[in-house]
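If you read the sequence shown in our numbering, its first letter stands for residue 177, the second for the next number, and so on. Ideal placement from N, C-alpha and C gives every residue a C-beta, glycine not left out. Following: one structure in structure tokens, then a few remarks.
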Amino acid sequence: MPREIFLGRQPILDRKGNVAAYELLFRSSQANQATFPDNTAATATVINHAFANMGLDSVLGEHRGFINFDAELLLNDIVGLLPRDKVVIELLETIPVNAQILDRVRALKADGFMLALDDYTGNQREKEALFKLVDVVKVEITGFSARELEKTANELRRYPVRLLAEKVDTREQVDRCLHLGFELFQGYYFAKPVILSTRRVSPAAQAILRLVGLVVADAGTPEIEQIFRENPDLTVNLLRVVNSVAVGTRQRIDSVRQAIVVLGRNQLNRWLQILVFAVGDQTGANHPSPLTILASTRGRLMEMLATATGKSDATFRERAFMTGLLSLTDTLLRIPLADILAPLPVASEVKSALLERKGQLGLLLKLIEALETGDGVAISSALMTLPGLTAETVNLAQMEAMAWADALGTPIS
177 MPREIFLGRQ PILDRKGNVA AYELLFRSSQ ANQATFPDNT AATATVINHA
227 FANMGLDSVL GEHRGFINFD AELLLNDIVG LLPRDKVVIE LLETIPVNAQ
277 ILDRVRALKA DGFMLALDDY TGNQREKEAL FKLVDVVKVE ITGFSARELE
327 KTANELRRYP VRLLAEKVDT REQVDRCLHL GFELFQGYYF AKPVILSTRR
377 VSPAAQAILR LVGLVVADAG TPEIEQIFRE NPDLTVNLLR VVNSVAVGTR
427 QRIDSVRQAI VVLGRNQLNR WLQILVFAVG DQTGANHPSP LTILASTRGR
477 LMEMLATATG KSDATFRERA FMTGLLSLTD TLLRIPLADI LAPLPVASEV
527 KSALLERKGQ LGLLLKLIEA LETGDGVAIS SALMTLPGLT AETVNLAQME
577 AMAWADALGT PIS
């Protein structure tokens, strides 16, 4: 039986919290870790998926992609087939530093490739020869004390490399690495909730949640417009989102009333949900922020997979989109999800999916979360309980959802 293979995409952020690149990761539904026994086969699979089956633009958009290379693949001619302006060759920590490897790295550097050294853990003197050749050194910060990390950062700054902090899971770690001069960050910190039960929703986010409630309740257009009149900043943000290429309209929308008429209530509802992220994210990132991209990808992917399972009615698709998007609002607002949902007239199956991962929507959400983290056991379990979904179906939907979310905020020319 052929192995089911999925492609994971983890963002790499800059100092302002903007997406600077993506790392492309192998995912298998038959393993609990994102690895093959053979790293060469794993990377070859990623390359095939990203550059042949799925399409480079869908996977990366305007960004570069970091791809893992072991020694065997690094010395293989397949490297020459990759686009130099889109790929960063990531040298796995298992690669021996010998004359053959150094010659190969020099040749690739001279040929215009960017290179990164993966999983540097400090005190690896044999890696020093690579520091003068690679563009990025990825430091796995979880293995360091605060003093050790500072010492390692100071040592690496002597070389012409950019420092990337890996396994960054908290805002405190980000701040520490910013202070030490790290330029790039990779981890789940921007998607992990930090719940503060006494925190209040910002006025802008509160107004948008009121709008979501009005639209779900099918309130009249004047009542909806009134909230926008009271919040002019929201009008600007809404039009910015609605005028993005992801909407698919061919005419520029210049007013709230026109947006409601052209989009229809279902589309307006989903864009209001996305707008919560646009105005509520306080990371300092430009629009769209990584959290907006992740939440929007979840919503679109949920919608597409709902259709693939045989649930083709419009109501279920909209509920699927809402489930995916709202699944990260606790992260954004730092308030328990139950408290956010309480005043909203959201369908019971959406609430069950979000709060308990129950029902078909809950199973779809569990599948998407497993794809993001590379939990092969959870992927297999979800696929067995969701009729109509195959590895190919999920991969194609995932690529379309990524492209759709990446298009958010791109102006119409």
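> Which first and last residues belong to the alpha helix (DSSP H) in which residue 471 is found?
Replying inline: 466-484
>> Which complete alpha helix (DSSP H) runs does the stretch 325-375 hold, if anything under 4 residues is left out?
In response: Counting only unbroken stretches of 4 or more residues, the alpha helix (DSSP H) elements lying wholly within the stretch 325-375 are 347-355, in sequence order.
> Using the rule of at least 16 other Cβ atoms within 10 Å of the residue's Cβ for burial, across every protein chain shown, is residue 503 buried or exposed?
Replying inline: Residue environment: residue 503 is assigned as buried (16 or more neighbouring CB atoms within 10 Å of its CB, all protein chains considered).
> Taking the continuous alpha helix (DSSP H) assigned at residue 293, which residues delimit it?
Replying inline: Here residue 293 belongs to no alpha helix (DSSP H); instead the beta strand (DSSP E) covers 290-296.
>> Does residue 213 come out as helix, strand or coil in the three-state DSSP assignment?
In response: With a pLDDT of only 44 at residue 213, under 50, the local geometry of the prediction cannot be trusted, and the value read off the model is given with reservation. Three-state DSSP puts residue 213 in coil, outside helix and strand.
> Is residue 519 buried or exposed, if buried means 16 or more other CB atoms sit within 10 Å of its CB?
Replying inline: exposed
> Quick one: is residue 575 buried, meaning 16 or more other Cβ sit within 10 Å of its Cβ, or exposed?
Replying inline: buried
> How about residue 280 and residue 249: are their beta carbons less than 7 Å apart?
Replying inline: no
>> Spatial neighbours of residue 265 within its chain, please: C-beta separation below 6 Å, excluding the five flanking residues on both sides.
In response: 245, 289 and 291
>> Here's a check: name, in chain order, each residue in its chain whose Cβ is nearer than 7 Å to the Cβ of residue 337, leaving out the five neighbours to either side.
In response: 307, 310, 311, 312 and 313
> Can you give the beta carbon distance from residue 349 to residue 317, rounded, assuming they're within the 8 Å contact cut?
Replying inline: 6 Å
>> Applying the 10 Å Cβ sphere with the 16-neighbour rule, what's the burial state of residue 193?
In response: The residue is buried, with at least 16 neighbouring Cβ atoms inside 10 Å.
> Nearest-angstrom Cα distance between residue 258 and residue 479?
Replying inline: 33 Å
> Could you check where the beta strand (DSSP E) with residue 307 kicks off and where it finishes?
Replying inline: It is not in any beta strand (DSSP E) - residue 307 instead sits in the alpha helix (DSSP H) that spans 304-307.
> Does DSSP put residue 580 in a helix, a strand or coil?
Replying inline: helix
>> When you compare the CB of residue 487 with every CB in chain C, is at least one pair closer than 7 Å?
In response: In the displayed structure, chain C is absent; only one protein chain is listed.
> Thinking C-beta only, is residue 537 closer than 7 Å to residue 525?
Replying inline: yes
>> Considering only their Cβ atoms, is the gap separating residue 269 from residue 242 smaller than 7 Å?
In response: no
>> Between which two residues does the alpha helix (DSSP H) holding residue 281 run?
In response: If you look at residue 281, you'll find it in the alpha helix (DSSP H) that goes 275-286.
> Is the beta carbon of residue 475 less than 7 Å from the beta carbon of residue 440?
Replying inline: no
> Who pairs with residue 245 in a beta bridge, going by DSSP?
Replying inline: Bridge partners of residue 245: 267.
>> If distances are taken between C-alpha atoms only, which option among 352, 381 and 522 comes closest to residue 508?
In response: 381
> In angstroms, rounded to a whole number, what distance separates the CA positions of residue 542 and residue 554?
Replying inline: 8 Å
>> Using 7 Å as the threshold, is the C-beta distance between residue 326 and residue 360 below it?
In response: no
> Hey, how far is the Cα of residue 557 from the Cα of residue 481?
Replying inline: 16 Å
> What span of residues does the beta strand (DSSP E) with residue 316 cover, start to end?
Replying inline: For residue 316, the enclosing beta strand (DSSP E) covers residues 312-316.
> Between the Cα of residue 295 and the Cα atoms of 333, 510, 343 and 240, which residue gives the shortest distance?
Replying inline: 343
> Skipping 5 residues on each side, what residues in its chain have a beta carbon closer than 6 Å to that of residue 579?
Replying inline: 234
> Exposed or buried, what is residue 402 when buried is set at 16 or more other beta-carbons lying within 10 Å of its beta-carbon?
Replying inline: exposed
>> Pop quiz: residue 523 and residue 495 are said to be a contact at Cβ under 8 Å. What is the actual Cβ separation, rounded to whole angstroms?
In response: 6 Å
> Just the Cα atoms here: how many angstroms apart are residue 188 and residue 195?
Replying inline: 6 Å
> Among the residues of its own chain, which have a CB less than 6 Å from the CB of residue 436, if the five just before and after it don't count?
Replying inline: 397 and 444
> Which residues does DSSP pair with residue 188 in a beta bridge?
Replying inline: DSSP lists 197 and 362 as the bridge partner or partners of residue 188.
> Out of 392, 469 and 358, which has the shortest C-alpha to C-alpha gap to residue 581?
Replying inline: 469
> I think residue 546 touches residue 477, with their Cβ atoms under 8 Å apart; what is that distance to the nearest whole Å?
Replying inline: The pair is not a contact, with the Cβ atoms about 12 Å apart (cut-off 8 Å).
> What residues in its chain sit with their C-beta under 7 Å from that of residue 388, if we drop five residues either side in the sequence?
Replying inline: 445, 448, 449 and 520
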